[in-house]
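Engineer: Next up is a structure, given as C-alpha cells.
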Amino acid sequence: MRQSRRQPRILFVCHGNICRSPMAEFVLKKKLEEEGLVACVASAATRSDEIGSPVHRGTQKILNQLGIDYSRKRAVRVTRENYDRYDLIVGMDDYNIRDLLRLFGGDPEGKVIKLMSLVGSGRDVADPWYTGDFDLTFRDVDAGCNAIVDMIKKGNL
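Residue numbers (full-length UniProt numbering): 1 to 157.
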C-alpha cells in the first residue's frame with residue numbers, strides 16, 4: 001500500500017494582509033485546484049494596522065478578473081506559532097523577512113523565504129498600496145505561485 005504524503009502548508013505574509021499576501025493566497029489556491037493538487041494555503045500580516053480589514057479593492061479587482069472568491073478573507077496577524085504550523089513561510093519583501101525572523105527568533109528549519117527568490121530574483125514584490133500597480137504585483141505573485149506549484153509537483157514541498 002502506497003503511503004500518502006502530508007499536504008504541504010504554505011503561509012504568505014506581507015505588511016497588512018490586504019494586498020500582496022491575500023493575492024498570493026488565492027492565486028495559489030486556484031492554481032492548485034486547476035492542477036488537482038492539495039495544500040493548506042493561508043496569508044497573514046506582519047503588522048496590526050489592517051487586522052480585520054477586507055481584501056484591498058485593487059486586489060479584489062485582480063481576483064474578480066480571475067473568478068476567485070475572496071469574500072470571507074479578513075486580515076490576520078502572523079504569530080510565533082505559525083512557524084511550527086507551516087512548511088513554507090513566504091514574505092513579499094525584505095521588511096517582511098526581517099519582521100518574520102525577529103518574530104520567530106530566526107529560521108532554524110529554513111522555512112522563511114522571499115517570494116521572488118523562488119524565481120531566481122532577489123527583488124521585492126512591490127507593494128501596490130504605495131505603487132498603485134496591482135497588475136505588476138500580480139505578475140510577480142503569479143510567477144512565484146507557479147514556482148510553488150512546481151515545487152509541490154516535484155515533491156520538494
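Glycine included, C-beta positions come from ideal geometry on N, C-alpha and C. For clarity, every value in this text was computed on a predicted model and none was experimentally measured.
#1: Can you name the start and end residues of the beta strand (DSSP E) that G91 belongs to?
#2: Counting only C-beta atoms, is T131 closer than 8 Å to chain C at any point?
#3: Taking the beta carbon of K73 as the centre, do at least 16 other beta carbons fall within 10 Å, making it buried, or is it exposed?
#4: Confirm the yes/no value for this check: CB of A44, any heavy atom of the ligand MG, distance under 7 Å.
#5: Mapping the DSSP letters down to three states, classify P8 as helix, strand or coil.
#6: Taking R85 as the reference, which of L32, T131, G105 and V41 has the closest Cα?
#7: When you compare the CB positions of V13 and A44, do they come within less than 8 Å of one another, or not?
#8: Which of helix, strand or coil does DSSP assign to V27?
#9: Just mark T59 as buried or exposed, buried being the case when its beta carbon has 16 or more other beta carbons within 10 Å.
#10: Closest to G105 by C-alpha separation, out of V141, R80 and A126, would be which residue?
#11: So for R2, helix, strand or coil by DSSP?
#12: Who are the near neighbours of D142 in its chain, counting only those whose CB is closer than 7 Å to its CB and skipping five residues on each side?
#13: Measure the alpha-carbon distance for I51 versus G16 and round it to whole angstroms.
#14: For L115 and A24, I'd like the C-alpha separation in whole angstroms.
#15: Could you name the residues of the same chain whose beta carbon sits closer than 7 Å to that of I152, not counting the 5 residues immediately before and after it, in chain order?
#16: Does the beta-carbon of I18 have 16 or more other beta-carbons within 10 angstroms, so that it is buried, or is it exposed?
Structural biologist: Concretely, from the data shown:
#1: Residue 91 sits at position 91 when you count from the first residue of the sequence shown. G91 -> beta strand (DSSP E) spans L88 to G91.
#2: This model lacks chain C altogether, as it is built from one protein chain only.
#3: Translated into positions along the sequence shown, residue 73 becomes position 73. K73 comes out buried.
#4: Looking for the ligand MG in the displayed structure turns up nothing, as the structure carries no ligands at all.
#5: For this step, residue 8 is matched to residue 8 along the sequence shown. Correct three-state label for P8: coil.
#6: Start at 1 with the first residue of the sequence shown, and residue 85 comes out as number 85. Closest option to R85, Cα to Cα, is V41.
#7: Locating residue 13 in the sequence shown gives position 13, counting from the first residue. Locating residue 44 in the sequence shown gives position 44, counting from the first residue. Yes, the Cβ-Cβ distance between V13 and A44 is below 8 Å.
#8: The sequence position of residue 27 within the sequence shown is 27, counting from 1. Three-state result, V27: helix.
#9: Against the sequence shown, residue 59 aligns to sequence position 59. Label assigned to T59: buried.
#10: Within the sequence shown, residue 105 is the residue found at index 105, counting from 1. G105 has its Cα closest to that of R80, out of V141, R80 and A126.
#11: The sequence position of residue 2 within the sequence shown is 2, counting from 1. For R2, the predicted structure reports a pLDDT of 38, less than 50, and the residue's modelled location is therefore unreliable. The matter cannot be settled from this model.
#12: Counting from one through the sequence shown, the residue named residue 142 turns up at place 142. So the qualifying residues of the chain are V27.
#13: For the purposes of this step, residue 51 is identified with residue 51 of the sequence shown, where counting begins at 1. For the purposes of this step, residue 16 is identified with residue 16 of the sequence shown, where counting begins at 1. Distance between the alpha carbons of I51 and G16 is about 7 Å.
#14: The residue you call residue 115 lines up with position 115 of the sequence shown. The residue you call residue 24 lines up with position 24 of the sequence shown. C-alpha separation (whole angstroms): 10 Å.
#15: As a working note, residue 152 is residue 152 in the sequence shown. If we look at I152 and ignore the five residues flanking it on each side, its Cβ neighbours are P8, L37 and A39.
#16: Residue 18 sits at position 18 when you count from the first residue of the sequence shown. Burial call: buried.
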